[in-house]
Structure formats: structure tokens, C-alpha cells
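Residue numbers (the UniProt record's numbering): 1 to 342.
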């Protein structure tokens, strides 16, 4: 097993080899730590030069809000002016040059910015959450090489894994858990009224009496389309397994059943049974089920509608993921939406 230093060296050797072997990969597209390595090892950039290294320099200045024009790769007046402003703020000799001291300060400042983003937002994001905060955290985690997934604003297993790694290597990062869905059992007392009856003689009336019948009823608090979708999002990245019904691997109906069961709602196991079990709706809402006819006549695949024309499902190719309903394939296979009634 590699020690930390050797693993670090190997990782960067592989990255450098990858960029050199891929003629269409630019410095700006490269892994962030490799970008830093490229800048530090590049001979001092001079006024009037142009190229990918200059564009990379501009990108860092832009991230730190010193350069707000197009990243054109030209070391001209605007780039020099941005460098001078940065140098002035960080007590570096103001010369507008991309010297070693300035480059190192840019890298350190950018790292500090991304780390502070993770530290400040780590307690605000949690499994199943979607939105800008999650996207910001994913970007920052990707900068350090912790996050390997798509920047999609969805807090799934990959995001959680990356945050755990970051918290082990940096102070000030605390992980938040998804809000618990509260399920309670309450007693419901129902009064059953016995109607007046006439005896066989037709003369005697039985006095009305109330018979109390105690029944147990499950009351699930907070169950709605939003909570179902949030729960489903927490499994993004889980692989597809035929017949799978657990987070170790799901098939499409196993995923749906598992999510709804976590919300206290029992559902059938198969797609066809779910199709017959759920109630048809004219207009789908968040949390409704969307059905597709894929490899055989009738419903054979399903997912959960999450809004904005998208649904979440366990697909054979990429496991649990978010997909656009307007995708040509799914749009053609779509056969309707239904709602699970409580």
C-alpha cells in the first residue's frame, strides 16, 4: 500500500501523463491541482505572451474577482492590471508580473477560498438536498480532488464520501445529517352508534348505546412529494443491480419501493403492480411516479418525478440518477404518471 507522499507523487505523475497524452485536453480543463503544478513549473510568463498558461492565470484571477473579462489567453494590459491589484492587496511587489511569489500567493488564496466554502457550507448541506449550496460544495471538493462526480447540485453518496474525506484532512468541516422523517403511532377512538331496534314483540326499544372501539392508525408526519424526492436523491450514485432492493444496489422498482418504505408507505414490488396500485393523474406533481414502456408491452420501467421536467430512477447504465423527461429516448417511452395515495 502506498504511503501518503508516494500516493501524492503517483497521482500527479498519472495526471501529467494523461494531459500530455490527450492533445484536446487544455490546461484550463485539467484537474485543479495539476493546474497549480503547471503554473508553478512554467517559466515566468511575460507581458505580450499568449497561450493556455495565460488563460489558466486569468481563470484564477477571475475566481478571486480580479479579472472580469473574457479569458482570452492574452497577457495584455487587463491581465497585468489584475495582477497589480492582487499584488497590492497581498503586499507583493507591484509590478504586474506573474513571478513565482505572485503565482504561489494566487494558488494559496484560491485554496483558502475553496476551503472556506466547504467549511461554511458543510453544516448546511445534507444527503438528499439539492441546490446552489450543494453545487458550491461539489465545486470546492472537486478542486481538492475529493469529489469525482458531476457538478449537479445533488447531495448523493459521492458528495458525502468526498465531504468525509475532506473532514478527515481539514479542520472546521462538520457533516450534517438529513432531517429525520418522523413517524408516530397514535390511538384513534371511534364512536360507533347502535341504531334503535324493535324487539320481536314490537313493543320494547333498546336504548341507544355508544360502543367505543379503539383502533391503531399510523400517522406519518411530513410525508409529501418533497420529502420523497429528498429521500430518493440521497441514493444518487447507487449502482443498478437486477432484483436489487437495498442501497447496495437497486433495480427500478426495488428503488421506488425502498424509498417509499422509508417514508412509511408500503407499495408493491413490481412495476406492473405499481402501475395497477397507484392512481392516475392528469398533471404530474413532485413525488408522483412516471412510467415507461421499454423492453416489453405495458409498463416496464418507472421513476419518481422531481419537478422541472426531470425524474430520478435506477437505470441499468448508471444506477440511480436524475434524467430529463424530454430526453429523446424517455420521451418516446413515457406512458403516463400516477400517484401513490396515502
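Just so it is clear, CB atoms sit at the ideal spot from N, CA and C, and this is done for glycine as well. The structure displayed is predicted, hence computed values, not measured ones.
Taking 7 Å as the cut-off, the Cβ atoms of residue 114 and residue 82 do not count as close. Per DSSP, the unbroken beta strand (DSSP E) holding residue 301 starts and ends at 301-307. Look at residue 50 here: in three-state DSSP terms it is strand. Burial is judged here by how many other beta carbons sit within 10 angstroms of a residue's own beta carbon; residue 131 has fewer than 16 and is exposed.
In the structure shown, residue 236 adopts coil according to DSSP, grouped into three states. The beta-bridge partner set that DSSP reports for residue 62 is empty. Annotation: the continuous alpha helix (DSSP H) that includes residue 277 extends over 271-277.
Out of 248, 291, 227, the CA that lies nearest to the CA of residue 237 is found in 248. Taking residue 235 as reference, the option from 36, 42, 315, 133 with the minimal CA-CA separation is 315.
Here the region 266-279 lies against the region 326-341, with 3 or more beta-carbon pairs under 8 Å apart.
Per DSSP, the beta bridge partners of residue 313 are 321. Contact annotation: residue 290 and residue 227 have beta-carbon atoms that are not nearer than 7 Å. Checking the DSSP bridge columns, you'll see residue 286 has no partner listed. When the five nearest sequence neighbours on each side are left out, the beta carbons in the same chain lying within less than 6 Å of the beta carbon of residue 96 are those of 80, 83, 84, in order along the chain. When C-alpha distances from residue 263 are compared across 109, 118, 270, 287, the shortest belongs to 287.
Inside the region 74-122, DSSP marks whole alpha helix (DSSP H) runs of 4 or more residues at positions 77-89, 100-121, from first to last along the chain. With contacts defined by Cβ atoms closer than 7 Å, residue 153 and residue 134 form a contacting pair. By DSSP's assignment, residue 250 forms a beta bridge with 240, 245.
Taking each of 56, 43, 47, 44 in turn and checking the Cα distance to residue 36, the smallest one comes out for 56. Counting only residues of its own chain and dropping the five nearest sequence neighbours on each side, residue 335 has a CB closer than 7 Å to the CB of 291, 292, 293, 299. Straight across, the Cα-Cα distance linking residue 165 with residue 321 is about 23 Å. Looking at the DSSP output, residue 167 shares a beta bridge with no other residue. The beta carbon of residue 162 lies closer than 7 Å to those of 141, 146, 147 in the same chain, with the five residues before and after it left out.
Cα atoms of residue 167 and residue 122: separation of roughly 9 Å, rounded to the nearest angstrom. For residue 265, the secondary structure class from DSSP, reduced to helix, strand or coil, is coil. For the options 307, 309, 302, 103, the alpha carbon positioned closest to that of residue 333 is the one of 302. Judged by DSSP in its simplified three-state form, residue 331 adopts helix. Shown here for residue 54: same chain residues with a beta carbon closer than 8 Å to its own, the five before and five after excluded, namely 45, 73, 74, 75, 79 in chain order.
By alpha-carbon distance to residue 173, the top candidate from 156, 126, 41, 109 is 126.
Between residue 304 and residue 232, the C-beta spacing is below 7 Å.
Taking residue 242 as the centre and dropping the five residues before and after it, the same chain places the C-beta of 251 closer than 6 Å to its C-beta, in chain order. In this structure, residue 66 and residue 86 form a Cβ contact; the two beta carbons are roughly 5 Å apart against a cut-off of 8 Å.
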